[in-house]
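Remarks on the structure that follows.
Protein chains: 2
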Amino acid sequence: MKIITVSREFGSGGRELGKRLADAFGFSYYDKEIITEIAKKTELDENYVSSVVENGVSAFPVHIGQTFAYIPYTYQPSVDVLVAQQKIITEIGKKGNCVIIGRSANSILDKFSPFNIFVYASEKSKLARCRQNARESEILSDKELIRKMRGIDRNRLRTSALISERKWGDKASYDLMINTSDVEIKSIIQPLKEYIEKYFENFPEK
Amino acid sequence: MKIITVSREFGSGGRELGKRLADAFGFSYYDKEIITEIAKKTELDENYVSSVVENGVSAFPVHIGQTFAYIPYTYQPSVDVLVAQQKIITEIGKKGNCVIIGRSANSILDKFSPFNIFVYASEKSKLARCRQNARESEILSDKELIRKMRGIDRNRLRTSALISERKWGDKASYDLMINTSDVEIKSIIQPLKEYIEKYFENFPEK
């Protein structure tokens, strides 16, 4: 049973790397699919789920089913979301042969000995990648985009701290940390795949 | 011109990884050779040079040539050593096609766009590796060995801060960070070599 998790800085191309790696291995790929599943399970709105999963505990108004509802301060649907996340990611992990993007999967699936990747890059490189990919970035200045990038990564750090002992972005949490600043992601997939295969050979029982 | 630098935590197997990588590429390998060269250039004792390069500024008594000499407080041979180190590593870098272990080579050779690796591992794994390799470790308790390991890494961080803007152990300073905890180093050399070759293809002008 082989599991690869990809954590990443916003704009580092981690998602592309994960998708290409899944294709190269012939593995299932899980990214936003996880959010959809959590929303189904908890009957909460996808946007809200996404916000909890990406930003940690949140207090903003929530759609439940089709209804707008202001959540009283004492109610913590975010906990439900994080529990559902844990459950769904564990189910995915049990099936194996998959690549999972973000969502503290490295920590949640620890007992399955996944191969854990962290993808990062220089701010300059991340900025360039954002400009290439996103429509939204067109209306943001460099300064605004950098602030947004940093904010998203800060939230990832914070959320992972809620549910995980493995610190987001800390090398001890990963098997390999890849700097994509000067790298064409497509070009490194094949050697990366071979590298990971060697890792899995060390755990033949799984 | 291809340069690979390998920084490493003590006990992580970084030296083995670097040596095997040099062999796989057919590159020159520089490790303690650098210390010998600095000692020749500065006419300082090799043990002293080694201590400065590994531990930063030092105030202990120095052999100069064959003579013991207590160095006055104001005299700073360590600066000479660090300048000589910079010079020698630059000379090595200019020749190219080499693997250099430690000694802030990633920072000193920045303008040559080396491929910079950081090798690390869990404390448990480093402890096991130390026990396998070193005779000295046999007489140290686990606690003492861990203290020694941490001390050496602390010194590496401190020394690199003296001569480099690139922080030792910080992911921004490296192209790839490799966790050797669950890895047989020999087995990953071939895919690692291919990965690095892809990196060098991005800089064909060098």
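Residue numbers (the working numbering), protein chains in the order written: chain B, 1 to 206; chain H, 1001 to 1206. For each residue, glycine too, the CB sits at the ideal point set by N, CA and C.
- Fully enclosed beta strand (DSSP E) runs of no fewer than 3 residues occupy 1115 to 1120 of the segment 1111 to 1174 of chain H, in order along the chain.
- Segment contact: the segment 76 to 89 of chain B against the segment 44 to 52 of chain B, three or more CB-CB distances shorter than 8 Å; contact assigned.
- Residue pairing from DSSP places leucine 1176 of chain H in a beta bridge opposite B:Ile178 and H:Ile1117.
- Counting only residues of its own chain and dropping the five nearest sequence neighbours on each side, isoleucine 1108 of chain H has a CB closer than 7 Å to the CB of Gln1086, Ile1089 and Thr1090.
- Interface flag for lysine 186 of chain B against chain H is unset, since no Cβ pair is found closer than 7 Å.
- Within the DSSP secondary-structure output, isoleucine 1003 of chain H pairs in a beta bridge with H:Cys1098.
- For serine 1028 of chain H, the uninterrupted beta strand (DSSP E) run begins and ends at 1028 to 1030, by DSSP.
- According to the DSSP secondary-structure assignment, leucine 1109 of chain H is paired through a beta bridge with no residue.
- An exposed status is given to isoleucine 139 of chain B, since fewer than 16 other beta-carbon atoms sit within 10 Å of its beta-carbon.
- The beta carbons of alanine 121 of chain B and serine 28 of chain B sit no closer together than 7 Å.
- Inter-residue distance for isoleucine 35 of chain B and glutamate 43 of chain B is about 12 Å (C-alpha atoms, whole angstroms).
- The beta carbon of lysine 171 of chain B falls within 7 Å of a beta carbon belonging to chain H, placing the residue at that interface.
- Using a CB distance cut-off of 7 Å, tyrosine 195 of chain B counts as an interface residue toward chain H.
- Going by DSSP, serine 12 of chain B is part of no alpha helix (DSSP H) at all; its letter is neither H nor E.
- Not a single C-beta of chain B is nearer than 7 Å to the C-beta of lysine 1040 of chain H.
- Excluding its 5 nearest sequence neighbours in each direction, glutamate 1037 of chain H has C-beta neighbours in its own chain below 6 Å: Ile1088, listed in chain order.
- Bridge partners of leucine 1082 of chain H according to DSSP: none are assigned.
- Residue-level contact by beta carbon holds for tyrosine 1120 of chain H and chain B, with a gap shorter than 7 Å.
- By the neighbour-count criterion, in which 16 or more other beta carbons inside 10 Å mark a residue as buried, asparagine 1116 of chain H falls on the buried side.
- Sequence-distant partners of leucine 1192 of chain H (beyond 5 residues in either direction) whose C-beta falls short of 7 Å from its own C-beta, in its chain, are Leu1021.
- Note that the C-beta distance between asparagine 1097 of chain H and lysine 1032 of chain H is not below 7 Å.
- Rounded to whole angstroms, methionine 177 of chain B and lysine 171 of chain B show a C-alpha spacing of 7 Å.
- Interface with chain H (7 Å Cβ-Cβ cutoff): proline 191 of chain B is included.
- In this structure isoleucine 1101 of chain H is in contact with arginine 1015 of chain H, their Cβ atoms being roughly 6 Å apart against a cut-off of 8 Å.
- Excluding the 5 residues flanking it on each side, phenylalanine 1112 of chain H has same chain C-beta neighbours closer than 6 Å at Ile1003 and Gly1093, in chain order.
- Per the coordinates, the alpha-carbon of lysine 1148 of chain H lies some 19 Å from the alpha-carbon of arginine 1103 of chain H.
- Across the segment 1090 to 1118 of chain H, CB contacts with chain B closer than 9 Å involve Ser1113, Asn1116 and Phe1118, in sequence order along the chain.
- Short of 6 Å from the beta carbon of tyrosine 174 of chain B, and not among the five residues preceding or following it, lie these beta carbons of its own chain, in chain order: Asn116 and Phe118.
- From the beta-carbon of methionine 1 of chain B, no residue of chain H is found nearer than 7 Å; the closest lies around 16 Å away.
- At the C-beta level, isoleucine 188 of chain B and tyrosine 1030 of chain H stay beyond 7 Å of one another.
- Asparagine 1106 of chain H and threonine 1005 of chain H do touch by the CB rule: their CB atoms are close to 4 Å apart, below 8 Å.
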